Amino acid sequence: MDKRDRAALFRDRATQAMVRAGLSKSDLARSTGSDRTTIGHLLNDTSLRLPNAHLAAEIAACLGVSSDWLLGLTDRPERVGDLLAAAMDMPDAKRTSADEQLLQWHEEAIGYKIRHVPATLPDMLKSEAMLRWEYANHLGKSPEQAIAAMKDTQAILLSGRSDFEIAVPLHEVAALAEGSGYYRGLPREVRQEQVALIVTICTQTYPSMRLSLFDASTLYSAPVTIFGPKLAVIYVGNIYLAFRSSDRVQALTEHFDILVREAAIGARDLPGHLSGLNFE
7 MDKRDRAALF
17 RDRATQAMVR
27 AGLSKSDLAR
37 STGSDRTTIG
47 HLLNDTSLRL
57 PNAHLAAEIA
67 ACLGVSSDWL
77 LGLTDRPERV
87 GDLLAAAMDM
97 PDAKRTSADE
107 QLLQWHEEAI
117 GYKIRHVPAT
127 LPDMLKSEAM
137 LRWEYANHLG
147 KSPEQAIAAM
157 KDTQAILLSG
167 RSDFEIAVPL
177 HEVAALAEGS
187 GYYRGLPREV
197 RQEQVALIVT
207 ICTQTYPSMR
217 LSLFDASTLY
227 SAPVTIFGPK
237 LAVIYVGNIY
247 LAFRSSDRVQ
257 ALTEHFDILV
267 REAAIGARDL
277 PGHLSGLNFE
């Protein structure tokens with residue numbers, strides 16, 4: 007993008023943000039410690055001027071957007087800190103802000119392929135009994151909140167408006183059947199019901215939803231979700247790290263595609279594999 011185009015984009019985005027914030031040029035000048043003439047030149051239709059780094063940061067802070075967005079370096083106006091804060095804030099409410107943020111990301115990605123490596127089993131494929139056991143003693147979310155979030159994301163899955171590709175470690179399913187590791191103490195009937203539900207959903211939604219199992223002894227992945235071509239999110243535990251730069255999204259997409267390409271159990275064979283599990 008040349009300077010003329012970037013200057014025009016800056017003017018358009020700054021003007022949009024000013025309208026949303028209800029600020030005039032004088033308000034913006036006063037809030038950023040600039041004189042009105044400088045702000046006027048930057049927002050003039052014929053100007054090729056761009057703010058220096060300091061002024062761009064001040065304008066962005068005043069307007070509640072990111073300086074990268076103002077300068078055309080990203081298509082998202084939110085500041086990274088705001089995205090992370092939304093994921094970190096876990097209030098005791100009907101819905102957690104992390105649930106709301108995840109649902110928003112899913113809705114933004116409608117029409118694109120969503121690639122997902124869950125921390126355990128995919129929440130959207132979990133039974134209510136499984137979620138009640140899993141979140142019974144959770145500090146940040148109640149079982150009811152978890153079930154509501156599951157139903158929201160499952161509704162997007164079942165709508166068929168987006169393709170989903172999910173990769174789960176092979177040992178995760180083995181542990182579920184054995185009732186070992188993370189699933190120690192989970193009643194056998196709940197584990198059997200959970201596997202049957204996954205088989206049903208995977209069979210009904212194939213090929214728009216494909217779930218494969220990769221061997222974590224040869225390939226490793228942190229929990230990650232890639233929402234189309236514009237956003238990749240790594241789950242750390244109590245926060246999400248969101249990446250919107252195209253090179254990082256592409257790198258994580260390529261990582262995910264290796265998991266699927268090298269999967270021990272592909273999506274076509276998954277129902278048969280799950281149906282043949284022996285439960286302890």
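So in the working numbering, the last spot in the sequence shown is 286, and the numbers never skip.
Glycine is no exception: its CB is placed at the ideal position from the N, C-alpha and C atoms.
Owing to the predicted nature of the structure, the values given are computational and were not obtained by experimental measurement.
Check, Outcome
"Nearest neighbour of Glu134, chosen from Tyr246, Ala154, Val230 [CA to CA]", "Ala154"
"C-alpha distance - Gly234 paired with Asp41, whole-angstrom precision", "42 Å"
"DSSP bridge partner residues for Arg121 (one or two, in chain order)", "Glu171, Ile232"
"Neighbourhood of Gln160 by C-beta, 6 Å cutoff - its chain only, sequence neighbours within 5 removed", "Met130"
"Cutoff 8 Å; reference Tyr189; Cβ partners in own chain excluding five residues on either side", "Ala181, Leu182, Arg197"
"Top-ranked residue by Cα proximity to Asp169, from Lys119, Pro128, Val201, Asp221", "Lys119"
"Start-to-end residues for the alpha helix (DSSP H) that takes in Val71", "Val71 -> no alpha helix (DSSP H), and no H or E assigned at all."
"Length at least 4, wholly inside the region 125–192: the alpha helix (DSSP H) runs in chain order", "134–140, 149–165, 176–184"
"Burial state of Ser32 (16 or more Cβ within 10 Å)", "exposed"
"Pairwise C-alpha distance: Gly278 and Gln110", "34 Å"
"Euclidean distance between Cα positions of Ser223 and Glu171", "21 Å"
"Same chain only: Cβ atoms within 6 Å of Ile116, ignoring 5 sequence neighbours per side", "Arg167, Ser168"
"Nonlocal neighbours in the same chain, by C-beta distance under 7 Å from Arg138, ignoring five residues either side", "Pro149"
"Cβ-Cβ distance between Leu258 and Glu114 below 9 Å", "no"
"Per DSSP, cross-strand counterpart(s) of Leu237", "Phe233"
"Ser281, enclosing alpha helix (DSSP H) - first and last residue", "276–281"
"Inter-residue spacing [alpha-carbon to alpha-carbon] between Arg216 and Leu69", "42 Å"
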